[in-house]
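Novice:
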C-alpha cells in the first residue's frame, strides 16, 4: 500500500481505521468549537436532537466574537442563552473581548499537532498551521458533535504545496496566500486538503503559517496543514497542556496534485473587489483612493501584523486626511502585548481607532461599518460585496504593510515605497 | 429512497457565497428562516427574493455556498420553498448543512439551463437525474454517499440523531 498524507494519518487515528482519500469515516473529535454566530442555532439543534449532556465539556469551546464589540438587545440574548448553556454544562467559554475564536484556539494550546478540531466557523482551518486537521462545520454538525463527540468526514485528497525560496522585503504571508488564491482559484481546492511543505514553509513563522492555513478555505480547502517543527514545538511549549504527536506525511504519500511556489518571485499582492481570487500585484491597483483601512481579524490581527502596519505608519508619521484606520487585535493577549510595547498608544495618537478584539468589522456584525461607496483596504480574508455590512463599499484585501502604506498616502500604495520600515 | 421534484429554475452564477445568499449582518436580528427568506440574495439582486415561488429550484455554477459556514444560508432557502439546489460544485460546509436540513444538493453540469426552465428531478440511490423539460435534455448528477442518502432519507440530521444519538456508516 502507498503511504499517507498528513490528513489521511490524522483521520486514520481519529477514526481508528485505515483511512484513505475518498473513504467515509466516523471520527472522534479532539476539540469542538462554536461562536456566538453559530452556537445559538446549534443549541436549537441540540434540543431538537434530544441532547442531554455534552460529550466532554473540557473539549467544547464557545467564543463570543461575532457580536463582541457591541452586543445589541437581540445579540445579547443570543449570547445570554449560550452563556447559560456553557455554565450549566461546564463548557469552556471565552466572552466578549477575549478574542477571535481561531486565535484563541491556537493561543490556548487546544490546537495541537495531530489533533482533529472541528469549529462552527469556516476559518477553523486556521489550526492547520499547528499540524492539526482543523475544519469548519455548520451549527447542526456542531450539535451532533456536542452530543456524540464524533463527526463523519470524507477523507480528502491532498494538494501538496511546496514553498521554496524566501520572500523579499515587503512581501508577507498574506501576499503568499493571495498569490496562491490567484493560482488555485476560489474553488481550486474544493473537497481537498492543502499540505504546505518545502524549505519555504520551514522559514515561515507560526504567525505566518496561520495566515496561509486561514486562507485555505478561500480556495475551497477542507484543511490547510503544515508539518510540525522546532518552531511549532517552541510556540506550544508554554501553551499546550497535554503532550502531542506531530504527524508527518509518508515519503510515498499519494497527492491529487502538486504545486510549487517560489516565494522569492512574489510581489506584494492585492485582491480586487469582490472576489478573493481576483488578485493583482499592488502596483496594478496603485492610486485607487482609500477611505477605510482595517488591520485585524483572524487573518491579519496578530502581533506581527500590527507591528508591520505600525512600523510604516510611525515611519511616515501621519495617516492621510479622510482615511479611517481601524485596528482590531485578534485577542486580548495580542492587545496586551501591543499595549505593553507602546504600539497601540503610538498609532492611537496618530488617529487610528483601536477596537476590542472581535470579528465585527470583518463580517458586518458590529461597527465600524464602511461608509456608502467607500473603498476599504483590509487584512481580512474575504471581500465579498456587502461583507462588511455595506453593499456599496468596495473591499480590497492585502497585507498589513500594504494596508498601512495605503493609509499613509490615502490611496493604494506598494509598501516597498517605505523601504526603511520594512523587515 | 426516491424523491421526485418538478420546478422552475432560478439561475445564479459561479461563486455564490453564503453572504450573498443571506447577509451575515441579518442574522443578528433574527434566526427565523421565515423572516430571513425575505432577504435572500438582497446584496446581489434586491428583487430576487420576492420573485421566488415555492417549488422553485436554484441552479448555480461552481462553488455554490462558498464563504461562511452559517446555516441560515440553508434554512432561509428552505423557508422560501426551495427543496433542491443544482450546482456544478458546492462548498463543503454548504453541502453538509444542506443535507443536514433536508435541502438536496445536486452536483451536476448545470451549463445551459435557462432561467425559468422547467426541471424534473429524480433523486435515487445511484444519483440524481435531471430532465430539462424546456429542451428535453437529460443531465446526470453525481451519486450521493450512502450516509448522505440515509440522513436525507430520514429527513435531516435532527431525526437521524434523535433515533441514533451517534453516526453510523451504513
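Protein chains in written order, with this note's numbering: chain V, 16 to 438; chain B, 109 to 278.
Built from N, CA and C at the ideal position, the CB exists for glycine as well.
(1) Could you name the residues of chain V that residue 175 of chain B contacts, counting a contact when the two beta carbons are closer than 8 angstroms?
(2) What are the uninterrupted segments assigned as alpha helix (DSSP H) that are 4 or more residues long and contained completely in the segment 272–320 of chain V, given in chain order?
(3) Buried or exposed for residue 242 of chain B, please, with buried defined as at least 16 other CB atoms from any protein chain shown within 10 angstroms of its CB.
(4) Given a threshold of 16 other Cβ atoms within 10 Å of its Cβ, counted over all protein chains shown, does residue 92 of chain V qualify as buried or as exposed?
(5) Using CA atoms only, rank isn't needed, just tell me which of V/271, V/121, V/431 and V/367 is closest to residue 333 of chain V.
(6) Would you mind working out which of V/260, V/162, V/391 and V/349 sits nearest residue 270 of chain B, comparing C-alpha positions?
(7) Which word fits residue 204 of chain B, buried or exposed, when buried means at least 16 other C-beta atoms lie within 10 angstroms of its C-beta?
(8) In angstroms, rounded to a whole number, what distance separates the CA positions of residue 426 of chain V and residue 294 of chain V?
(9) Take residue 339 of chain V as the anchor and find which of V/365, V/349, V/348 and V/315 has the nearest alpha-carbon.
(10) Identify the contact partners of residue 63 of chain V in chain B, using a Cβ-Cβ distance below 7 angstroms as the criterion.
(11) Going by Cα to Cα distance, which pick from B/246, B/140 and B/132 is closest to residue 226 of chain B?
(12) Hey, out of V/406, V/208 and V/352, whose CA is closest to residue 175 of chain V's CA?
(13) Apart from the five residues just before and just after residue 63 of chain V, which ones in its own chain have a Cβ nearer than 7 angstroms to its Cβ?
(14) Please say whether residue 180 of chain B and residue 202 of chain B have beta carbons closer to each other than 8 angstroms?
(15) So, residue 415 of chain V versus residue 438 of chain V, is the Cβ gap smaller than 8 angstroms?
(16) By the DSSP assignment, the beta strand (DSSP E) with residue 104 of chain V in it spans what residues?
(17) List in chain order: all unbroken alpha helix (DSSP H) runs of 4+ residues lying wholly within the segment 208–281 of chain V.
(18) Given residue 126 of chain B, which residues of its chain have a CB within under 7 angstroms of its CB, disregarding the five upstream and five downstream residues?
(19) Taking DSSP as the reference, what is the three-state secondary structure of residue 275 of chain B?
(20) Let me know if residue 257 of chain V comes out buried or exposed under the rule of 16 or more other beta-carbons within 10 Å of its beta-carbon.
(21) For the segment 130–146 of chain V against the segment 224–242 of chain V, are there 3 or more C-beta pairs whose distance is under 8 angstroms?
(22) On the criterion of 16 or more Cβ atoms from any shown chain inside 10 Å, does residue 117 of chain V qualify as buried, or is it exposed?
(23) Tell me where the beta strand (DSSP E) around residue 165 of chain B begins and ends.
(24) What did DSSP end up calling residue 231 of chain B once you bin it into helix, strand or coil?
(25) Between the beta-carbon of residue 56 of chain B and the beta-carbon of residue 115 of chain B, is there less than 8 angstroms?
(26) For residue 257 of chain B, which residues from the same chain have a beta carbon less than 7 angstroms from its beta carbon, with the 5 sequence-adjacent residues on both sides left out?
(27) Check whether the Cβ atoms of residue 89 of chain B and residue 138 of chain B lie closer than 8 angstroms to each other.
(28) Residue range of the alpha helix (DSSP H) that residue 353 of chain V falls in?
(29) Note down, in chain order, all residues in the segment 112–132 of chain B with a beta-carbon under 9 angstroms from any beta-carbon belonging to chain V.
(30) Assuming residue 285 of chain B and residue 113 of chain B make a contact with CB atoms under 8 angstroms, what is their CB distance in whole Å?
(31) Can residue 202 of chain V and residue 131 of chain V be called in contact, C-beta distance under 8 angstroms?
(32) Is it true that the CB of residue 211 of chain V sits closer than 8 angstroms to the CB of residue 128 of chain V?
(33) Closer than 8 angstroms, Cβ to Cβ, to anything on chain B: give me those residues from the segment 264–297 of chain V, in chain order.
(34) Which residues of chain B have a Cβ atom closer than 7 angstroms to the Cβ of residue 206 of chain V, listed in chain order?
(35) I'd like to know whether the C-beta of residue 140 of chain B is nearer than 8 angstroms to at least one C-beta of chain V.
(36) Mind checking whether residue 210 of chain B and residue 264 of chain B have CB atoms under 8 angstroms apart?
Specialist: The structure says:
(1) For this step, residue 175 of chain B is matched to residue 67 along the second chain. By Cβ distance, chain V contributes 137, 397 and 399.
(2) 297–300 and 312–315
(3) Translated into positions along the second chain, residue 242 of chain B becomes position 134. When all chains shown are included, residue 242 of chain B counts as exposed.
(4) Within the first chain, the letter at position 77 stands for residue 92 of chain V. Exposed, since its Cβ has fewer than 16 Cβ neighbours within 10 Å.
(5) As a first step, residue 333 of chain V is located in the first chain; it is residue number 318 there, counting from the start. Looking at the Cα atoms, V/367 is the closest of the given residues.
(6) As a working note, residue 270 of chain B is residue 162 in the second chain. Closest by alpha carbon: V/162.
(7) Here residue 204 of chain B refers to the residue found at position 96 when the second chain is read from its first residue. That one is buried.
(8) Your numbering for residue 426 of chain V matches position 411 in the first chain. Your numbering for residue 294 of chain V matches position 279 in the first chain. The alpha-carbon atoms of residue 426 of chain V and residue 294 of chain V are separated by roughly 17 angstroms.
(9) Translated into positions along the first chain, residue 339 of chain V becomes position 324. Checking every option, the nearest Cα to that of residue 339 of chain V belongs to V/365.
(10) Looking up residue 63 of chain V in the first chain gives position 48. The contacting residues are 266.
(11) Here residue 226 of chain B refers to the residue found at position 118 when the second chain is read from its first residue. When only C-alpha atoms are compared, the closest one is B/246.
(12) The residue given as residue 175 of chain V occupies position 160 in the first chain. Looking at the Cα atoms, V/208 is the closest of the given residues.
(13) Locating residue 63 of chain V in the first chain gives position 48, counting from the first residue. Counting only Cβ-Cβ distances below 7 angstroms, and skipping sequence neighbours, we find nothing.
(14) Along the second chain, one-based indexing puts residue 202 of chain B at 94. Along the second chain, one-based indexing puts residue 180 of chain B at 72. The answer is no: Cβ separation not under 8 angstroms.
(15) On the first chain, position 400 is the one that residue 415 of chain V refers to. On the first chain, position 423 is the one that residue 438 of chain V refers to. No, the pair does not count as a contact, with Cβ atoms beyond the cut-off.
(16) Counting from 1 along the first chain, the entry for residue 104 of chain V is found at position 89. Looking at the DSSP string, residue 104 of chain V is not in any beta strand (DSSP E); the run it does join, the alpha helix (DSSP H), is 88–104.
(17) 214–218, 221–230 and 245–252
(18) To locate residue 126 of chain B, count along the second chain from 1; it is residue 18. Result list for residue 126 of chain B: 173, 175, 176, 178, 181 and 202, in chain order.
(19) Residue numbering aside, residue 275 of chain B sits at position 167 when the second chain is read from its first letter. In the structure shown, residue 275 of chain B sits in coil (DSSP, three-state: anything other than H, G, I, E or B).
(20) For the purposes of this step, residue 257 of chain V is taken as the residue at position 242 of the first chain. Exposed, by the Cβ-count rule.
(21) yes
(22) Against the first chain, residue 117 of chain V aligns to sequence position 102. Buried: at least 16 other Cβ atoms inside 10 Å.
(23) Reading the second chain from its first residue, position 57 is the one you call residue 165 of chain B. Taken as a continuous stretch (DSSP letters only), the beta strand (DSSP E) holding residue 165 of chain B covers 165–168.
(24) Indexing the second chain from 1 puts residue 231 of chain B at position 123. Of the three classes helix, strand and coil, the one that applies to residue 231 of chain B here is strand, per DSSP.
(25) With chain B covering only 109 through 278, there is no way to say anything about residue 56 of chain B.
(26) Your numbering for residue 257 of chain B matches position 149 in the second chain. These residues qualify, in order along the chain: 109 and 233.
(27) Residue numbering for chain B in the displayed model covers 109 to 278; residue 89 of chain B lies beyond these limits and cannot be assessed.
(28) The count along the first chain starts at 1 and reaches residue 353 of chain V at position 338. Residue 353 of chain V -> alpha helix (DSSP H) spans 347–355.
(29) 122, 123, 125, 126, 127, 128, 131 and 132
(30) Residue 285 of chain B cannot be examined here, being either before or after the span of chain B that is shown, 109 to 278.
(31) For the purposes of this step, residue 202 of chain V is identified with residue 187 of the first chain, where counting begins at 1. For the purposes of this step, residue 131 of chain V is identified with residue 116 of the first chain, where counting begins at 1. It is not a contact, given that the beta carbons lie outside the stated cut-off.
(32) Position 113 of the first chain holds residue 128 of chain V. Position 196 of the first chain holds residue 211 of chain V. Contact flag unset, no.
(33) 290
(34) Your numbering for residue 206 of chain V matches position 191 in the first chain. Near residue 206 of chain V (Cβ distances below 7 angstroms), the residues of chain B are 200.
(35) In the second chain, the residue the question calls residue 140 of chain B occupies position 32. Output row for residue 140 of chain B: interface = no.
(36) Here residue 210 of chain B refers to the residue found at position 102 of the second chain. Here residue 264 of chain B refers to the residue found at position 156 of the second chain. Closer than 8 angstroms, so yes.
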